[in-house]
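Worksheet: the structure to be examined is printed underneath.
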Amino acid sequence: MGTKKNLTIAVVVFAAIFAIGAIIYFSGLLAPKSFKSGKFETITVTRGEVISTMQAAGVIESENEVLLLSPAASIVKSVLKEPGSQVQPGEIILQLQTETVLDEIDRLKDQLEVKRNNLERNQLTAQSTKLDLDYNEEVKRLKVISLKAQLSDQEKLLEVGGISPARVEETKQEITLAEKDLAMLVEKNSIRLKQLKAEDRGLILQIRMDEKALEDKLALLSKMNVRATSAGMILNISASVGEKVPADKMLVRMSDLSSFKLIGSINEQFAGQIKTGSEVFVTVENETLHGLIGNITPLVENNKVQFNVHLEESSHPTLIANQNVQIEILINKKEDALRIKKLPGFENGKKHKVFVIEGDKAIKREILLGIVGNEYCEILSGLREGDFVIAEETGSFRNLNEFDINR
């Protein structure tokens, strides 16, 4: 019992000594009333920009993807490049078999030769027919002239009684019929010539259509070598040698390395702080690039929310596809703010006490902070531009309201 009692007394005494020491320490009774100026660091109150950002992860991706489709139904003959390969414009990535296209080209060439021959023959026929029609018209016209001359002679004979009136009347009827016959022949010949011209136009149209089809097939033949349309990197090849592929099947997916964007991701609990149009900063190889947030994916995957970032300098030489980077999302920004360098414990909108050097004294002041940024904090009250604030831990003199500075 005696031992326990002594132990209890010892604990109480120790606790009392500790409490008294703490009271003396926090009351500042033992704190010195002066300090040398070189014993602590100071920071200056200035005016400038205060920014607050939030970090997110990002991956650099090509801003534009290029999809190369199969130009026609065919069979893959060879694959010359692999995913991950970088290609230049015009480089062949894979080849398709061309036999079917070549057969179609030969068929069109033969068909064109036949139609051109038909056009030439039709034009010769038209010339011959026109000669025949012109001859028939001339015969009919001469017959009318002859009948009119005969009628003139008969009318003279009728005056002297050398011919009967009935014969003269018969000749007039013959002239009327001959003129009608000539007019009908002229009309028929005109129609026939128009028909021949229409046949020419039809053949010429067919020839032009076949020529266009032949041009398309020749162009298709050149496309059977699937080439890179721009400089980039192959992301995927969705065909293998010997595989049958239909027309318009996606064969190659590649990135266009001329410009880039960022795909960012952030924990869903901070998703409410990012907005389309928010400014971001990305540091790549000691270069700081600026951008704006674009689309924000509404779906949450693995507790992450994804968003696109469109860079102002999307073709900057430091950008490399698939590179992981750190993104700083701008949350708050204040221009020309009264500011101080960020010190430990500073929080948005909170009051804090700091020591400000005034001549040979350090005076405690209460300050109110606004935005607490990455490097600087906005000062709403308590300090003026040009003030010098002690940046050291103030534990040894925090209970003082002021102290002297020995220079």
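For the sequence shown, the residue numbers in numbering that gives the first Met the number 0 are 0 to 406. Built from N, CA and C at the ideal position, the CB exists for glycine as well. In this text the structure is predicted, and so the values were computed from the model without any measurement.
- Taking 3 residues as the minimum length, the beta strand (DSSP E) runs contained wholly in the region 262-293 are 278-283, in order along the chain.
- Here S145 carries a helix assignment [DSSP, helix/strand/coil].
- Contact between S239 and V100 does not hold, since the beta-carbon distance rounds to 21 Å and is not under 8 Å.
- Counting along the chain, E210 sits inside the alpha helix (DSSP H) bounded by residues P164 to K222.
- The beta carbon of K303 is closer than 6 Å to those of S264 in its chain, skipping five residues each way along the sequence.
- Put simply, the backbone Cα of L220 is about 18 Å away from that of L111.
- The three-state secondary structure of D359, taken from DSSP, is coil.
- Residue pairing by DSSP places V244 opposite S73 in a beta bridge.
- Looking at the DSSP output, A56 shares a beta bridge with S264 and Q325.
- Rounded to the nearest whole angstrom, the C-alpha separation of I378 and P316 is 39 Å.
- For E377, the uninterrupted beta strand (DSSP E) segment begins and ends at Y375 to S380.
- The shortest C-alpha to C-alpha distance from F280 to any of A270, R252, N373 and K340 is the one to N373.
- Taking C-beta atoms as the reference points, F354 and C376 fail to come closer than 7 Å.
- As the crow flies, the alpha-carbon of E198 is around 11 Å from that of T124.
- Our two residues, N266 and M53, have alpha carbons roughly 11 Å apart in a direct line.
- For L93, the enclosing beta strand (DSSP E) begins and ends at I91 to L95.
- DSSP lists R252 as the beta-bridge partner residues of L66.
- Per DSSP, reduced to three states, the secondary structure at R383 is coil, with no helix or strand assignment.
- The Cβ atoms of I92 and K80 lie closer than 7 Å to each other.
- The secondary-structure analysis by DSSP pairs T43 across a beta bridge with F387.
- Spanning the alpha carbons of E60 and I262 requires a straight line of approximately 7 Å.
- The continuous beta strand (DSSP E) containing E401 extends over residues E401 to N405.
- Closest in C-alpha terms to V86, from the list L399, V251 and I404, comes V251.
- In this structure, I42 sits near K340, with a CB-CB distance shorter than 7 Å.
- Of the candidates N398, K333, L368 and V371, the residue whose Cα lies closest to the Cα of A361 is N398.
- Counting C-beta atoms within 10 angstroms of its own C-beta, S314 has fewer than 16 neighbours from the protein chains shown and is therefore classed as exposed.
- With a 10 Å radius around the Cβ and a threshold of 16 neighbouring Cβ atoms, A165 comes out exposed.
- Within its own chain, the residues whose Cβ lies closer than 8 Å to the Cβ of Q205, once the five positions on either side in sequence are excluded, are K114, listed in chain order.
- Taking C-beta atoms as the reference points, E136 and L195 fail to come closer than 7 Å.
- Within its own chain, the residues whose Cβ lies closer than 7 Å to the Cβ of F269, once the five positions on either side in sequence are excluded, are M53, listed in chain order.
- I190 sits away from K147, with the two beta carbons spaced by 7 Å or more.
- In this model, P297 and Q272 are separated by some 14 Å (Cα to Cα).
- In the DSSP assignment, I236 falls within the beta strand (DSSP E) that extends over G231 to I236.
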